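Only one structure is covered here, and it is reproduced in the block below.
Residue numbers (the numbering used here): 942 to 1291.
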């Protein structure tokens, strides 16, 4: 009786074909990490020493890479400043104990010809008593300080120029600035213009309430062009005419003008302080006052901050681990074969 041999086929599964068996053999040959049975592994003291040294070196290199990854490196270099069209904000906080809020006016000018006369929109004034204590609250310029004492202007209102000719040919001077422009064409002073109906109407509360013997504290901010210029508080009434800043004062006022000041807060990179003594009996070439002159460099220092990307950090860590494992294996193999072939090891083995 003939018996059929078992071919690996059963009712519950398929028999592996010859092609699938050859494919598995090819895949095994591609394996670059051959496995050894435990009984074929040889562990030595030299191999343990190499392993410990390799782990210490890997830990040191890993900590070094981690430090570089967490550190932000900064590179500074000088470039041409291209932001000259942007405005520069300047903040200040200065007290003038001997000047009333009617006399203390902040002005700014620069080499580009930009003038800011009697700034009051962003400048706060606080009246100060003789001992320096504040009187009332800080306030900006509020026109029409006492509207109840002034009659409302009619629709066809035409302010007088008080016998003066306006440089633009206007027949009506409806604002205080227009009155001052007309007064500048005659021998009248700006102090005379301050007493006109237009200027009294526009006078702020901080100027109306100020009294002789008081001081004034100016604080706020201004926006200037990024070019050389200055901001100051000087003697006399200020007015701009034909692109120039005019300070008008009466003869003899320079004898009593006191520009003593207290700077409460300032933040600057570098500064130079200069003081010039003026002889009131001689020819004045410099206007009495306090001038803050600023000069901006044409170059700026640009700081670039860079850090190591996480992918680079991961690649470096993998390179450290793989490189140290390969080098440690090579060193261990070299030491093992050297001692295996040495006569001392051979004699000890016998």
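For every residue, glycine included, the Cβ atom is placed at its ideal position computed from N, Cα and C.
Since we're looking at a predicted model, the values are computed, not measured.
Item                                                                                                              : Value
First through last residue of the alpha helix (DSSP H) which encompasses residue 988                              : 986-1011
DSSP bridge partner residues for residue 1017 (one or two, in chain order)                                        : 1244
CB contact below 8 angstroms: residue 1026 versus chain B                                                         : The structure shown has no chain B; it contains just one protein chain.
Cβ contact check for the region 1003-1020 and the region 1239-1247: 3 or more pairs under 8 angstroms             : yes
Runs of alpha helix (DSSP H) lying entirely within the region 1110-1149, each at least 4 residues, in chain order : 1117-1124, 1131-1135, 1138-1143, 1146-1149
Residue 1172 vs residue 1124 beta-carbon contact at 8 angstroms                                                   : no
Check whether residue 1029 and residue 1241 have beta carbons under 8 angstroms apart                             : no
Residue 1121 burial status per 10 Å Cβ neighbour count (16 or more: buried)                                       : buried
Close Cβ partners of residue 1111 (< 7 angstroms) along its chain, the five nearest in sequence each way excluded : 1119
Length of the line joining the Cα atoms of residue 1270 and residue 1259                                          : 16 angstroms
3 or more residues per run - each beta strand (DSSP E) lying fully within the region 1009-1080                    : 1014-1021, 1028-1037, 1048-1051, 1064-1069, 1075-1080
Member of 1227, 1174, 1254 whose CA lies at the smallest distance from the CA of residue 1045                     : 1174
Pairwise C-alpha distance: residue 1132 and residue 1126                                                          : 14 angstroms
Residue 1152 burial status per 10 Å Cβ neighbour count (16 or more: buried)                                       : exposed
Pair within 8 angstroms by beta-carbon distance, residue 1100 and residue 1115                                    : yes
C-alpha gap between residue 1066 and residue 1137, whole angstroms                                                : 23 angstroms
Extent of the continuous beta strand (DSSP E) run through residue 1172                                            : 1170-1175
CA-to-CA distance, residue 968 to residue 962, given in whole angstroms                                           : 10 angstroms
Nearest-angstrom Cα separation, counted from residue 1071 out to residue 1043                                     : 16 angstroms
Exposure label - residue 1266; buried when at least 16 CB within 10 Å                                             : exposed
Residues that residue 1166 bridges to, as DSSP identifies them                                                    : 1028
8 angstroms Cβ cutoff met for residue 1031 and residue 1163                                                       : yes
Element boundaries [alpha helix (DSSP H), containing residue 1196]                                                : 1194-1197
Residue 1186 and residue 1050 closer than 8 angstroms at C-beta                                                   : yes
Three-way DSSP call (helix, strand, coil) for residue 1272 in this model                                          : helix
CB contact flag (residue 1064, residue 1159, <8 angstroms)                                                        : yes
Cutoff 6 angstroms; reference residue 1277; Cβ partners in own chain excluding five residues on either side       : none
Buried or exposed (CB count within 10 angstroms, at least 16 for buried), residue 1180                            : buried
Proximity of residue 1161 and residue 1069 at Cβ, strictly below 8 angstroms                                      : no
Euclidean distance between Cα positions of residue 1048 and residue 1196                                          : 22 angstroms
Residue 1233, enclosing beta strand (DSSP E) - first and last residue                                             : 1230-1235
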